[in-house]
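Reviewing the structure listed below.
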Amino acid sequence: MMKIPFISISIRRLAISLLLLLASASASAQFKFFSIQKDSIPFFRGFAVSFDMVGLAMMELSDYGQYEGALRINLHDEWFPIVELGYGKASHTDDPATHLEYKTSAPYFRVGIDKNLLKQKHGPYRLYAGLRYAFTSYKVDVVREPFKDPVWQWDTSFAIMGEQCSYHWLEIALGADATIWGPLHLGWSVRYKRRIAHKEGALDNTWYVPGFGVYGDTRLGGTFNVIIDI
Amino acid sequence: MSDKIKLKGLLYVIVILFTVHSSLFTISCSSIDCPIRNTVSVQYEIRDKSGAALSITDSLSVVTTRLDGKNIELDIATHLDGKDEILNKLIGRSSFSLPISNSHPEDILFFCFKNSEKTVVDTVWIKKDDIPHFESVDCAAAFFHELTDVRHTHNAIDSLVLVNRSVTYDENTVHFYLYPKTGN
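Going down the list, the sequences are from chains R and U. For the first sequence, the numbering used here assigns the number 1 to the initial residue and increments by one for each residue that follows. For the second sequence, the numbering used here assigns the number 231 to the initial residue and increments by one for each residue that follows.
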């Protein structure tokens, strides 16, 4: 089937437009963007841990997904350095059409920072824009049950075992969260992902990449986080 | 604009983005982004001694022996006037392609040149390494190949020169120049 590039182009344009919109402030506002508001609230506001429910649901409902948690530092309710750690897994067994099996599982991490874009920084709501660098190193097994060569009729075995791969990518994040009760927050984030370097050995393309998702489907991703201030 | 109103507006944006993303995810899940041409074949170009393309005047058929011992004629594919044609006998063409086995160290082919007077057969042995090729779980398993050696008898073929070793989906790469003997 043919590719549908106009959709990805449209989404890319939408994402870029939104980011430009968010970044479209005056020159003085740009200086403000990087400054810390001066008030009586202390600079260090503590840590928060969060768990992603979307990856968990994907793991339960499909043949790939990830378990992911994050640790975030709250600097004056404005800047939030963050480390995200996860374990991605795919187990696609005996595809009914192609009879291919694809297996991989590996940890991954992302590091980055979020900025609270709201003017009222210390309220119960937060709106974030952020950037992440992510990396994973993983091994892939692709196997197909033996099949007959269409011309010569010999049995053909197809197996790529333990192919060592690695992936570096960047994510632009746009998210929001709200205080539900005490230290508990719930939040969404939308991610625009861009691969920056990769090594996939004998495979031209790997299918599911731990933490990144299925390459080629879409560059957008998302999280739904349960967040606890600690 | 107050923060609350701004937040509300941006939450709408996020909801819209998620809706778009979900739609895209659904579309992409049902889309199969596989190569349109997923057959792997070896391209031959017939040349005269000066190196110019030569259309053969004898008919050419290519036979191989299957696992069960049966000799079969291979499909010969040609590309002319923007159209692909599958033939079992080639005549009046200067280029063609032949299938290659998925996973076998050596293919043995019998090139049969026939005119009104006689049939001349050459045996061609093509050695290769087979490389499993994976695009996606939605795309059929395929093999690419690295041609490592070729040898042949010299009844009608003067020489068969390996010019590109790598056999992939690329149908524009010529792998062999076939120089027929003159006077056959």
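Beta carbons: idealized from backbone N, C-alpha and C, even for Gly.
> With distances taken from CA atoms, which of U:L317, U:S346, U:C369, U:L284 is nearest R:D204?
Replying inline: If you number the first sequence from 1, residue 204 of chain R lands on position 204. Of the listed residues, the one whose Cα sits closest to R:D204 is U:C369.
> Under a CB-based cut-off of 7 Å, is U:P265 close to chain R?
Replying inline: Counting from one through the second sequence, the residue named residue 265 of chain U turns up at place 35. Closer than 7 Å: no.
> Are R:A136 and R:G211 touching if we call contact CB-CB under 7 Å?
Replying inline: Along the first sequence, read from residue 1 onward, the residue named residue 136 of chain R stands at position 136. Along the first sequence, read from residue 1 onward, the residue named residue 211 of chain R stands at position 211. Correcting the residue identity first, residue 136 of chain R is Thr in this sequence and not Ala. In this structure, R:G211 lies closer than 7 Å to R:T136 by Cβ.
> Secondary structure at U:E303, three-state DSSP: helix, strand or coil?
Replying inline: Within the second sequence, the letter at position 73 stands for residue 303 of chain U. The answer is strand: DSSP assigns U:E303 an E or B state.
> Which of the three DSSP states, helix, strand or coil, is assigned to R:V49?
Replying inline: Looking up residue 49 of chain R in the first sequence gives position 49. Strand.
> Roughly how many whole angstroms lie between the Cα atoms of R:P96 and R:V140?
Replying inline: Indexing the first sequence from 1 puts residue 96 of chain R at position 96. Indexing the first sequence from 1 puts residue 140 of chain R at position 140. Cα-Cα distance, rounded: 20 Å.
>> Check whether chain R comes within 7 Å of U:L297, counting only Cβ atoms and requiring the distance to be less than that.
In response: As a first step, residue 297 of chain U is located in the second sequence; it is residue number 67 there, counting from the start. For U:L297, the answer is yes, since a Cβ of chain R falls inside 7 Å of its Cβ.
> At which residues does the beta strand (DSSP E) containing R:D39 begin and terminate?
Replying inline: Numbered from 1 along the first sequence, position 39 holds the residue referred to as residue 39 of chain R. Here R:D39 belongs to no beta strand (DSSP E), and DSSP marks it neither H nor E.
> How many angstroms separate the CA atom of R:E60 from the CA atom of R:F109?
Replying inline: Reading the first sequence from its first residue, position 60 is the one you call residue 60 of chain R. Reading the first sequence from its first residue, position 109 is the one you call residue 109 of chain R. Between R:E60 and R:F109, the C-alpha separation is close to 21 Å.
>> Among R:V143, R:W169, R:I227, R:V111, whose alpha-carbon lies nearest the alpha-carbon of R:L220?
In response: The sequence position of residue 220 of chain R within the first sequence is 220, counting from 1. Residue R:W169 is the option with its Cα nearest to R:L220.
> Cβ of R:W79 less than 7 Å from any chain U Cβ?
Replying inline: Here residue 79 of chain R refers to the residue found at position 79 of the first sequence. False, the Cβ-Cβ gap to chain U never drops below 7 Å.
> From what residue to what residue does the beta strand (DSSP E) around R:T104 run?
Replying inline: The count along the first sequence starts at 1 and reaches residue 104 of chain R at position 104. Here the beta strand (DSSP E) through R:T104 covers 100-116.
> Along the chain, where does the beta strand (DSSP E) that runs through U:S327 open and close?
Replying inline: Within the second sequence, the letter at position 97 stands for residue 327 of chain U. From DSSP, the beta strand (DSSP E) with U:S327 extends over 325-329.
> Quick one, which residues of the stretch 351-380 of chain U are near chain R if we go by CB-CB under 8 Å, in chain order?
Replying inline: I361, P362, H363, F364, E365, S366, V367, D368, C369, A370, A371, F373
> What are the complete alpha helix (DSSP H) segments, minimum 4 residues, inside the stretch 50-102 of chain R?
Replying inline: 53-61
> Using the beta-carbon count (16 or more within 10 Å), is U:S285 buried or exposed?
Replying inline: On the second sequence, position 55 is the one that residue 285 of chain U refers to. Looking at its Cβ environment, which holds fewer than 16 other Cβ atoms inside 10 Å, U:S285 is exposed.
>> My output table needs one value for U:I257: the three-state DSSP class, helix, strand or coil.
In response: Taking the first residue of the second sequence as position 1, residue 257 of chain U is located at position 27. Caution is warranted here: a pLDDT of 37 is assigned to U:I257, below 50, making its placement in the model unreliable, and no coordinate value can be reported.
>> So the candidates are R:L131, R:T156, R:I227; which of them puts its Cα closest to the Cα of R:G182?
In response: Sequence index remark: in the first sequence, residue 182 of chain R carries index 182 (1-based). Nearest of R:L131, R:T156, R:I227 to R:G182, Cα basis: R:I227.
> How about the stretch 37-54 of chain R and the stretch 68-80 of chain R: do they share at least three Cβ pairs that are nearer than 8 Å?
Replying inline: yes
> Do the CB positions of U:L297 and R:W154 come within less than 7 Å of each other?
Replying inline: The residue you call residue 297 of chain U lines up with position 67 of the second sequence. The residue you call residue 154 of chain R lines up with position 154 of the first sequence. The answer is yes: Cβ separation under 7 Å.
>> Beta-carbon within less than 7 Å of R:M161's beta-carbon, same chain only, minus the 5 sequence neighbours each way: which residues are those?
In response: By one-based count along the first sequence, residue 161 of chain R stands at place 161. So the list reads D141, once near-sequence residues are dropped.
> Span of the beta strand (DSSP E) holding U:V367?
Replying inline: Numbered from 1 along the second sequence, position 137 holds the residue referred to as residue 367 of chain U. First-last for U:V367: undefined, no H or E at that position.
> Do you know offhand how far U:E315's Cα is from U:V393's?
Replying inline: For the purposes of this step, residue 315 of chain U is taken as residue 85 along the second sequence, with counting starting at 1. For the purposes of this step, residue 393 of chain U is taken as residue 163 along the second sequence, with counting starting at 1. Cα to Cα, the separation comes out at about 24 Å.
> How many whole angstroms separate the CB atoms of R:G130 and R:G112, which I take to be in contact at a CB cut-off of 8 Å?
Replying inline: For the purposes of this step, residue 130 of chain R is identified with residue 130 of the first sequence, where counting begins at 1. For the purposes of this step, residue 112 of chain R is identified with residue 112 of the first sequence, where counting begins at 1. With 8 Å as the limit, R:G130 and R:G112 qualify as a contact, their Cβ atoms being about 6 Å apart.
>> Here's a check: name, in chain order, each residue in its chain whose Cβ is nearer than 8 Å to the Cβ of U:T349, leaving out the five neighbours to either side.
In response: Mapped onto the second sequence, residue 349 of chain U falls at position 119. So the qualifying residues of the chain are C342, F343.
> How many Å lie between R:K38 and R:G123 at the Cα?
Replying inline: For the purposes of this step, residue 38 of chain R is taken as residue 38 along the first sequence, with counting starting at 1. For the purposes of this step, residue 123 of chain R is taken as residue 123 along the first sequence, with counting starting at 1. The straight-line gap from Cα to Cα measures roughly 16 Å.
> Of all the options U:S271, U:R267, U:V272, U:I276, which has the alpha carbon lying nearest to the alpha carbon of U:A386?
Replying inline: Taking the first residue of the second sequence as position 1, residue 386 of chain U is located at position 156. Among U:S271, U:R267, U:V272, U:I276, the Cα nearest to that of U:A386 is on U:I276.
>> Which residue marks the beginning of the beta strand (DSSP E) containing U:Q273, and which one marks its end?
In response: Taking the second sequence and counting its residues from 1, one reaches residue 273 of chain U at position 43. First-last of the beta strand (DSSP E) with U:Q273: 271-276.
> How would you list, in chain order, the residues of chain U whose beta-carbon sits under 7 Å from the beta-carbon of R:I160?
Replying inline: Position 160 of the first sequence, counting from 1, holds the residue named residue 160 of chain R. Ordered by position in chain U, the residues that pass the 7 Å Cβ test against R:I160 are P362, F364.
> Over what stretch of residues does the beta strand (DSSP E) that includes R:E200 continue unbroken?
Replying inline: The residue labelled residue 200 of chain R in the question sits at position 200 within the first sequence. Neither: R:E200 is in no beta strand (DSSP E) and is coded neither H nor E.
> Exposed or buried, what is U:S291 when buried is set at 16 or more other beta-carbons lying within 10 Å of its beta-carbon?
Replying inline: If you number the second sequence from 1, residue 291 of chain U lands on position 61. When all chains shown are included, U:S291 counts as buried.
> Going along chain U in order, which residues have a C-beta closer than 9 Å to the C-beta of R:A202?
Replying inline: Residue 202 of chain R sits at position 202 when you count from the first residue of the first sequence. Those within 9 Å of R:A202 in chain U are I361, P362, H363, F364.
>> Please list, in chain order, the chain R residues whose beta carbon lies closer than 9 Å to that of U:T294.
In response: Along the second sequence, read from residue 1 onward, the residue named residue 294 of chain U stands at position 64. Result: V151, W152.
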